[in-house]
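Position one of the sequence shown corresponds to residue 995 (the working numbering), numbered consecutively onward. Cβ coordinates follow ideal geometry from the N, Cα and C atoms, glycine included. Here's the structure, in structure tokens; my notes come after.
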Amino acid sequence: MKHGAWYNVFLPYRYNDGSSIEAAKFLAIQESLIQRFGGLTRFEQPLFSMQGSWTGFGFTQTEDVKIYGVFSDDINSAREFLEHHKRLWQSSDWLDQEILFMTESAVEVL
């Protein structure tokens, strides 16, 4: 069996001002993940309707999200790559988000 980690990157469809994030930005994110991890699993509309909700600034906000998932057996290198790209992607030059949610789960590949 192969041990490693599964990473989920949660991406909003819209900027904080409500305008749509350009498709080219999602494609660039996909390409960088595929290049680094050798593959990508996409969970996105219309096949999967997903929403994220959080409370802040005195109210609860809900928005549609897509999730890109990747596997790595080199956890330290994967974390370094994702931590760097998280800062890049949440910046005002990319997705302009206060927070970009990512998760890591230990896995064994059968």
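What span of residues does the alpha helix (DSSP H) with Leu-1076 cover, start to end? 1069–1084
Can you round the beta-carbon distance between Glu-1093 and Tyr-1062 to whole angstroms, since I take them to be within the 8 Å contact cut? In the sequence on display, residue 1093 carries Ile and not Glu. Ile-1093 to Tyr-1062, Cβ: 16 Å. No contact.
Identify whether Ile-1023 lies in helix, strand or coil by the three-state DSSP scheme. Ile-1023: helix per DSSP, three-state reduction.
So, with DSSP's three-state summary, where would you put Ile-1093? coil
Is Gly-1052 near the ligand MG, judged by its Cβ being under 7 Å from some heavy atom? Questions concerning the ligand MG fall outside what the structure shown contains, since it holds no ligand whatsoever.
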